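Okay, structure first, notes after.
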Amino acid sequence: MFARSPVLNQSGPTEFVFRAFTTVPELQALLFLLFLLLYSMILCGNAAIVWAVRTHSSLHTPMYFFLCNLSFLEICYTSVVVPLMLANLWGARKPIPLAGCGAQMFFFVALGSADCFLLAIMAYDRYVAICHPLRYTLIMTQKLCVRMVLCALGLALLLSLQLACLIFTLPFCGHRREINHFLCDVPPVLRLACADIHVHQAVLYVVGILVLTVPFLLICVSYVFIASAILRIRSAEGRRRAFSTCSSHLTVVLLQYGFCALVYLRPQSGSSVDEDRQFALVYTFITPLLNPLIYTLRNKDVKGALRNAIASKAASDTR
23 MFARSPVLNQ
33 SGPTEFVFRA
43 FTTVPELQAL
53 LFLLFLLLYS
63 MILCGNAAIV
73 WAVRTHSSLH
83 TPMYFFLCNL
93 SFLEICYTSV
103 VVPLMLANLW
113 GARKPIPLAG
123 CGAQMFFFVA
133 LGSADCFLLA
143 IMAYDRYVAI
153 CHPLRYTLIM
163 TQKLCVRMVL
173 CALGLALLLS
183 LQLACLIFTL
193 PFCGHRREIN
203 HFLCDVPPVL
213 RLACADIHVH
223 QAVLYVVGIL
233 VLTVPFLLIC
243 VSYVFIASAI
253 LRIRSAEGRR
263 RAFSTCSSHL
273 TVVLLQYGFC
283 ALVYLRPQSG
293 SSVDEDRQFA
303 LVYTFITPLL
313 NPLIYTLRNK
323 DVKGALRNAI
333 ASKAASDTR
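Letter by letter, the sequence shown follows residues 23 to 341 of our numbering.
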């Protein structure tokens with residue numbers, strides 16, 4: 023089903039160029055400042071979570087280990103896309119070579135897929151914590167947590183490599199082709215191929231099901247058991263605390279999976295390139311930004327660890 027080797031089509035174009043958001047200089051400057059602000063907030067927010075989890079011993083638990091890895095993935099995920107996007111907004115549109123476009127697609131799909139797999143792992147962690155609290159430390163060992171993260175990353179890299187290799191064996195007519203997007207995402211690049219792409223679209227749907235549908239179904243099953251366990255808790259305070267530990271994760275899941283599914287799982291004949299670009303803005307900027315905000319604003323442990331880390335840093339600097 024997949025391509026066997028990453029052979030790029032040498033008879034195709036040497037470069038792509040991204041379609042501009044707008045040709046009005048004032049709007050370009052405004053968009054540049056807006057995206058730069060969002061990118062800076064994403065980097066600072068997620069880096070703060072990584073820093074807090076790594077430096078505060080009370081956060082050395084499976085839940086925060088997964089959260090730390092999720093924040094690190096968000097930093098890498100947005101950094102694959104946003105710097106080139108900002109460079110194109112700052113001045114003249116800069117072409118990206120065929121190999122560069124393939125590399126961006128590979129890392130974007132790989133990191134996004136790992137993100138989705140990790141959200142499913144975090145749902146399993148919540149399931150064990152709420153449904154089997156007495157066995158939690160026996161089940162969620164450090165070795166198991168590391169193995170699950172490595173398996174998620176390995177599977178994401180494998181699927182992304184095969185998909186990118188398959189797409190870039192297609193012929194692309196012309197020397198320079200314009201991508202109606204701000205990154206080398208799969209659907210807009212497929213539209214530029216001057217060959218039959220039905221097989222490639224079918225493979226994209228298969229990968230989309232493996233990356234989006236299967237983990238989402240596992241998350242739904244986990245939350246069915248979690249909800250059942252929460253409803254059996256007698257005290258209202260206990261139910262509230264149990265629900266609060268899951269609501270943050272569930273919010274991120276619905277945003278991430280919902281908008282990704284709209285781009286990758288709906289029929290291409292009924293999709294709009296402009297809608298795809300708008301949806302991509304959500305999971306490129308909004309979800310990575312909401313991740314640290316949701317987990318810090320709704321989590322007393324993370325907020326406390328950040329305050330203590332900042333206070334310790336300030337105290338050491340004044341000595």
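For each residue, glycine too, the CB sits at the ideal point set by N, CA and C. This structure is a prediction, so every number in the text was calculated from the model and none was measured.
**Report entry** Touch test, the region 108–122 against the region 88–95, Cβ-Cβ under 8 Å, three pairs minimum
**Finding:** no
Query raised in the report: Which one or two residues does DSSP pair with E37 in a beta bridge?
Result: Partner(s): P119 and R198.
Requested in this report: Can you tell me which of the three DSSP states A215 falls into?
Outcome: strand
Query raised in the report: How long is the line joining the alpha carbons of L55 and A302, rounded to whole angstroms?
Result: 19 Å
Query - Which of helix, strand or coil DSSP assigns to L59 - result: In the three-state reduction of the DSSP assignment, L59 falls in the helix class, which pools H, G and I.
Query - Pairwise C-alpha distance: V275 and L239 - result: Approximately 11 Å, taken between the alpha carbons.
Query raised in the report: Expressed to the nearest angstrom, what Euclidean distance is found between the alpha-carbon atoms of T44 and I219?
Result: The C-alpha of I219 is placed about 30 Å away from the C-alpha of T44.
Report task. Out of V75, V102, A249 and A224, point me to the one whose CA is closest to L185's CA. Result -> A224
Query raised in the report: A145 and S244: beta carbons closer than 7 Å?
Result: yes
Query - CB of V39 within 7 Å of CB of R198, strictly - result: If you check the CB distance, V39 and R198 come in under 7 Å.
Query raised in the report: With a CB to CB cut of under 7 Å and the five nearest residues on each side skipped, what residues in its chain are close to V233?
Result: Cβ within range, chain order: S135, C138 and L181.
Requested in this report: For the alpha helix (DSSP H) containing P84, list its first residue and its last residue.
Outcome: P84 to S101
Report task. Specify, as a first and last residue, the run of the alpha helix (DSSP H) that C167 falls within. Result -> Q164 to I189
**Report entry** Neighbourhood of R41 by C-beta, 6 Å cutoff - its chain only, sequence neighbours within 5 removed
**Finding:** E200 and N202
Query raised in the report: Apart from the five residues just before and just after N68, which ones in its own chain have a Cβ nearer than 6 Å to its Cβ?
Result: S93, E96, I97 and P314
**Report entry** Nonlocal neighbours in the same chain, by C-beta distance under 7 Å from L177, ignoring five residues either side
**Finding:** F139
Query raised in the report: Does DSSP classify L111 as helix, strand or coil?
Result: helix
**Report entry** Whole-angstrom distance between D298 and L214, CA atom to CA atom
**Finding:** Each residue's Cα considered, the two are about 15 Å apart.
Requested in this report: Drop a sphere of 10 angstroms on the beta-carbon of Q126, count the other beta-carbons inside from all chains shown, and report buried for 16 or more, exposed for fewer.
Outcome: buried
Report task. State yes or no: is the C-beta of A132 within less than 7 Å of the C-beta of L179? Result -> yes
**Report entry** Three-pair Cβ contact test at 8 Å for the region 158–170 versus the region 80–88
**Finding:** yes
Query raised in the report: Going straight from the alpha carbon of M170 to that of L141, what length do you get?
Result: 11 Å
Query raised in the report: If you draw a straight line from the alpha carbon of V29 to that of C216, how long is it in whole angstroms?
Result: Confidence is the limiting factor: at V29 the pLDDT is only 41, short of 50, which leaves the residue's position unreliable and the question unanswerable from this model.
Requested in this report: Starting from the Cα of I152, find the closest Cα among C167, R329, L175 and F247 and give me that residue.
Outcome: F247
Query raised in the report: From P155, H78, L205 and L226, pick the residue whose C-alpha is nearest to that of L183; which is it?
Result: L226
Report task. Measure the C-alpha to C-alpha separation of A25 and F194 and round it to an integer number of angstroms. Result -> Residue placement at A25 cannot be trusted, given a pLDDT of 43 that sits under 50; what the coordinates show is reported in the next sentence. Computed Cα separation, rounded: 17 Å.
Report task. With a 10 Å radius around its C-beta and 16 neighbouring C-beta atoms as the bar for buried, classify L188 as buried or exposed. Result -> Answer is buried; the Cβ neighbour count reaches 16.
Query - Segments of 3+ residues assigned as beta strand (DSSP E) that fall wholly inside the region 214–295 - result: none
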